[in-house]
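One structure is given here, and the rest of the page talks about it.
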Amino acid sequence: MKDKRILYVSSEVVPYLPETEISSMSFEAPRLVNQQGGQIRIFMPRYGNINERRHQLHEVIRLSGINLVINDLDMPLIIKVASIPKERIQVYFIDNDEYFKRKATLTDEDGELFSDNDERAIFFAKGVIETVKKLNWSPDVIHVHGWLASLLPLYLKEYYKDEPLFTESKIVTSVYNQSFNNTLNKDLVNKIKFDSIEDDAIKVLEEPSYTNLMKVAIDYSDALIIGSENVPEDLNAYAKASNKPILEYVDRDEFGEAYTTFFNENVLS
1 MKDKRILYVS SEVVPYLPET EISSMSFEAP RLVNQQGGQI RIFMPRYGNI
51 NERRHQLHEV IRLSGINLVI NDLDMPLIIK VASIPKERIQ VYFIDNDEYF
101 KRKATLTDED GELFSDNDER AIFFAKGVIE TVKKLNWSPD VIHVHGWLAS
151 LLPLYLKEYY KDEPLFTESK IVTSVYNQSF NNTLNKDLVN KIKFDSIEDD
201 AIKVLEEPSY TNLMKVAIDY SDALIIGSEN VPEDLNAYAK ASNKPILEYV
251 DRDEFGEAYT TFFNENVLS
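Under the UniProt record's numbering, the letters of the sequence shown match residues 1 to 269, in that order.
Quick look at the structure:
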């Protein structure tokens, strides 16, 4: 992986949020590539429950200041950055007062999904891509973790399909068992259509469940990684039916060699 550019886009990363399969792998995978001499960038949302002082986040003025249009509304994009101690790894945080200031991640104190998680997902996808454009950093691979990041493959290959920076980029999506009950806002499909994305590409999102979000991510990815020992059976079957390269589940303690081989032989070759 030496000198390869890998962009990690995740809904959660340790040490900024508690340890889960997603947050742990979103740290371990970049660390592995970093140790192998690869170039990495990590992006995640700047949720309001992340302690900015403890983690030493600071705003990057030259990257902030643009507005993203979400469902016909201008939403200011704020970019913050921090370094993971001892690892020499920078993490970029996508922020906006309307979407990410609340002192929680994806659910309220009763465990209910926030009603605007659909717009937060669109904002996160667009925010990552616009920031990478400003950095003028062309990734060899974009590795997606978590359902809040699941719209990025769709947006990259439809809304940003003419962006030359990403022409050669391969998208890898990790599929986990970390899901949610019920659905996101049923108006999600219309908010995506507002961005002139064809109806056929997102018809399944008329029912914006976890499984259907991940199906769209699979459709627009070049390769897949099964990130949990037990993922929903219909999602597992959908991934296999896509005929895309798949790295089956590997325990976190043993993933290094399998991960490196998969990327070199099935993604970067």
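Ideal Cβ positions, reconstructed from N, Cα and C, are used throughout, including at glycine.
Note down, one range per segment and in chain order, each alpha helix (DSSP H) of at least 4 residues found wholly within the stretch 50 to 80.
52 to 55
Mapping the DSSP letters down to three states, classify valine 250 as helix, strand or coil.
coil
Hey, quick one: how far does the alpha helix (DSSP H) through alanine 239 stretch, first residue to last?
233 to 241
Indicate the three-state DSSP secondary structure (helix, strand or coil) for tyrosine 176 in the structure shown.
coil
Quick one: is proline 18 near chain C, going by C-beta distance under 8 Å?
The structure shown contains no chain C; it holds only a single protein chain.
Assuming the contact rule is C-beta atoms closer than 8 Å, aspartate 199 and lysine 193 should be a hit. Round their C-beta distance to whole Å, please.
7 Å
Per DSSP, methionine 44 forms a beta bridge with which residues?
Phe93
For a quick check, are the C-beta atoms of tyrosine 155 and lysine 191 less than 8 Å apart?
no
What does the Cβ neighbour count give for asparagine 264, buried or exposed, with the cut at 16 atoms within 10 Å?
exposed
Under 8 Å between C-beta atoms of serine 179 and tryptophan 147
yes
Burial state of aspartate 72 (16 or more Cβ within 10 Å):
exposed
Have a look at proline 76 and glutamate 248 and give me their C-alpha separation to the nearest angstrom.
39 Å
Counted within 10 angstroms of its Cβ, other Cβ atoms place residue 274 as buried (16 or more) or exposed
Lying before the first or after the last residue shown, residue 274 is absent from the chain, which here runs from 1 to 269.
Give the straight-line distance between the Cα atoms of valine 144 and aspartate 74, rounded to the nearest whole angstrom.
25 Å
Could you have a look at glutamine 39 and say whether DSSP puts it in helix, strand or coil?
Reduced to three states, the DSSP call for glutamine 39 is strand.
If we call anything under 8 Å between Cβ atoms a contact, is lysine 134 one with tyrosine 220?
no
Collapsed DSSP secondary structure at valine 13 in the structure displayed:
coil
Would the beta-carbon of serine 169 fall within 8 Å of that of aspartate 140?
yes
Cβ-based neighbour list, asparagine 177, same chain, cut-off 6 Å, excluding 5 preceding and 5 following:
Ser228, Asn230 and Val231
Taking 8 Å as the cut-off, does the stretch 105 to 119 touch the stretch 159 to 169 (at least 3 CB pairs, one atom from each stretch)?
no
So, helix, strand or coil for tyrosine 160, using DSSP?
Tyrosine 160: coil per DSSP, three-state reduction.
Which of helix, strand or coil DSSP assigns to arginine 88
coil
List the residues that DSSP assigns as beta-bridge partners of lysine 170.
Val141
Candidates Leu224, Val69, Ala29 and Glu12, of which the one nearest phenylalanine 255 by Cα:
Ala29
May I have the straight-line CA-CA distance separating alanine 104 from leucine 57, to the nearest angstrom?
17 Å
Could you say if the stretch 95 to 102 and the stretch 43 to 50 meet the contact criterion of at least three C-beta pairs nearer than 8 Å?
yes
Once DSSP output is grouped into helix, strand and coil, what is the label at tyrosine 220?
coil
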